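J.:
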Amino acid sequence: MRLTLTVNGERREADGVWEGESLLDALREHLELPGSKNACEQGECGSCSVYLDGEVVCACLVLAAQAEGRDVLTVEGIAGGEDLHEVQRAFVEAGAVQCGFCTPGLIVASHDLLRRNPRPSDAEIREALAGNLCRCTGYEKILGAVRLAGERMAVS
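Quick note: the sequence shown uses the numbering used here, first residue -19, plus one each step.
1) Please list, in chain order, all residues of the same chain as G118 whose beta carbon is under 6 Å from its beta carbon, the five residues on each side excluded.
2) Considering only C-alpha positions, which residue in the set S101, G15, D(-5), W(-2) is nearest to N(-12)?
3) Per DSSP, what kind of secondary structure is T117 in: helix, strand or coil?
4) Evaluate the contact criterion for the region 27 to 40 versus the region 51 to 68: three or more CB pairs, one atom per stretch, below 8 Å.
5) Buried or exposed: which applies to Q68, given that a residue is buried once 16 or more other Cβ atoms fall within 10 Å of its Cβ?
6) For E73, report the span of its alpha helix (DSSP H) as first-last.
7) Pick helix, strand or coil for T54, following the three-state DSSP scheme.
8) What separation, rounded to the nearest whole angstrom, lies between the Cα atoms of V88 and I58?
9) Quick check: the region 115 to 131 against the region 60 to 78, are at least 3 beta-carbon pairs closer than 8 Å?
10) Is S136 buried or exposed, if buried means 16 or more other CB atoms sit within 10 Å of its CB?
11) Does DSSP put E35 in a helix, a strand or coil?
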């Protein structure tokens, strides 16, 4: 099938997408957007998180066909240009990126939280990131990155 959708603000088409293929696979394999990661394929780890029509979803659980004609925002599109978004920058500066496998999903979840609440409490950050698993960190640097990004976003 041909998949037509808007990805990161740009209308995109992909040919040869299997009807049962996940949105994650379509993004990675057909649209050459490797940022979202394939870890669990069960919606448990958050590595594949993207926005679908403004809501965060696990792209591994969404059929590509379900995204037909819809808007998708990936970790690559969060910045909206060549510069990093404040969330992305804060993750780098706070040392919250280790192996990087969980990072795209954590950035999407953090971005979603901070666009709704630029000054979240630690409990709110933990709740917002609860669907994202990281095996490399103790999460403290990730929490610090979200706090840093929130401070910067609240000021600007």
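Even for Gly, the Cβ is constructed at its ideal location relative to N, Cα and C.
Predicted model only: the values in this text are computed from it and were never measured.
T.: Concretely, from the data shown:
1) Taking the sequence shown and counting its residues from 1, the one referred to as residue 118 is at position 138. So the list is empty, once near-sequence residues are dropped.
2) Working through the sequence shown from its first residue, we reach residue -12 at position 8. It is G15.
3) Mapped onto the sequence shown, residue 117 falls at position 137. Assignment of T117 by DSSP, reduced to helix, strand and coil, places it in the coil class.
4) Contact between the region 27 to 40 and the region 51 to 68 is established, with three or more Cβ pairs separated by less than 8 Å.
5) Within the sequence shown, residue 68 is the residue found at index 88, counting from 1. By the 10 Å Cβ count, Q68 comes out buried.
6) Sequence index remark: in the sequence shown, residue 73 carries index 93 (1-based). Note, E73: alpha helix (DSSP H), 66 to 73.
7) Working through the sequence shown from its first residue, we reach residue 54 at position 74. Three-state result, T54: coil.
8) In the sequence shown, counting from the first residue as 1, residue 88 sits at position 108. In the sequence shown, counting from the first residue as 1, residue 58 sits at position 78. Taking the straight line from one Cα to the other gives about 8 Å.
9) The region 60 to 78 is in contact with the region 115 to 131.
10) Within the sequence shown, the letter at position 156 stands for residue 136. By the neighbour-count rule (16 or more Cβ atoms within 10 Å), S136 is not buried but exposed.
11) The residue given as residue 35 occupies position 55 in the sequence shown. For E35, the secondary structure class from DSSP, reduced to helix, strand or coil, is strand.
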